[in-house]
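For this note's numbering, count along the sequence shown from 1 and bump the result up by 37. Quick reminder that beta carbons are idealized off the backbone N, C-alpha and C, glycines included. All values derive from a computational prediction rather than experimental measurement. Shown next, in structure tokens, is the structure this report addresses.
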Amino acid sequence: MDSQEACRAIDRILEHFEMKDFEGIGYDGSTPYQILISTILSQQTTERNCRIASERLFSECPSPQDVYSTPSERIEELVFSSGYYRQKTRCIKNVTAMIVEEFSGEVPDNAEDLMSLPGVGRKTAACVMRYGFGKPSVIVDTHINRVSQRLGISDSKKPEDTQKAIMCTVPEDRWDDLDIAFITLGRTFCRPKNPDCEGCPVSDLCRLNRDGKC
38 MDSQEACRAI DRILEHFEMK DFEGIGYDGS TPYQILISTI LSQQTTERNC
88 RIASERLFSE CPSPQDVYST PSERIEELVF SSGYYRQKTR CIKNVTAMIV
138 EEFSGEVPDN AEDLMSLPGV GRKTAACVMR YGFGKPSVIV DTHINRVSQR
188 LGISDSKKPE DTQKAIMCTV PEDRWDDLDI AFITLGRTFC RPKNPDCEGC
238 PVSDLCRLNR DGKC
């Protein structure tokens, strides 16, 4: 799929769901640090539970220094609703310790340094870059990865390969549109199992449908 085809696919999806303006998916938080921590809390949970945990944590511990000085037991209580609260607390404390001790309490604003933080991968780094610092970045979650493969933007199942493929194929000013379009399509029609190809607005462009595997 070339750049023009990818943009047409994005437009058709947005039109189907009547999404005329996209302000970003976003994560709870008003600072780069809060975006980072919210992204960690969002893993393996619902948006609602993530939001509850984020709001509770940030109301009591809004800064890296606050989290750094707060006992793990209290952090666990605050983020309990997000699930896997012990593992997430451990990750949050480790990330925060490195930010405070090695980055003077400031979240780094480049992908390389962000991914040097314990447990921070490409997706989390991309979220912080975009929503924390307002820098263009391609975010690849499971929905975007799956839809990109089925539409032929990416030939790989690896998120890092899909990220590179999107950056090479889709214009930078359409990355936000791609996010909301592909995530929405992935949650509705383009499911991992039993996809609804009949109702999908871009089924004619889909490899799965074309190969008769729907």
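- In the DSSP assignment, Ile74 falls within the alpha helix (DSSP H) that extends over 69-78.
- The closest CA to that of His180, considering only Pro69, Ile220, Gly156, is found on Ile220.
- Here Thr82 carries a coil assignment [DSSP, helix/strand/coil].
- Counting the other CB atoms within 10 Å of its CB gives Ser185 a total of 16 or more, which places it among the buried residues.
- Sequence-distant partners of Arg49 (beyond 5 residues in either direction) whose C-beta falls short of 6 Å from its own C-beta, in its chain, are Pro238, Val239.
- Ser141 counts as exposed, since fewer than 16 other C-beta atoms from the protein chains shown sit within 10 angstroms of its C-beta.
- Excluding five sequence positions before and after Ser40, the CB atoms of its chain that fall closer than 8 Å to its own CB belong to Thr206, Val207, Pro208, given in chain order.
- Inclusion of Ile74 and Thr133 in the CB contact set at 9 Å is warranted, their separation being smaller than that value.
- Straight across, the Cα-Cα distance linking Ala163 with Leu78 is about 15 Å.
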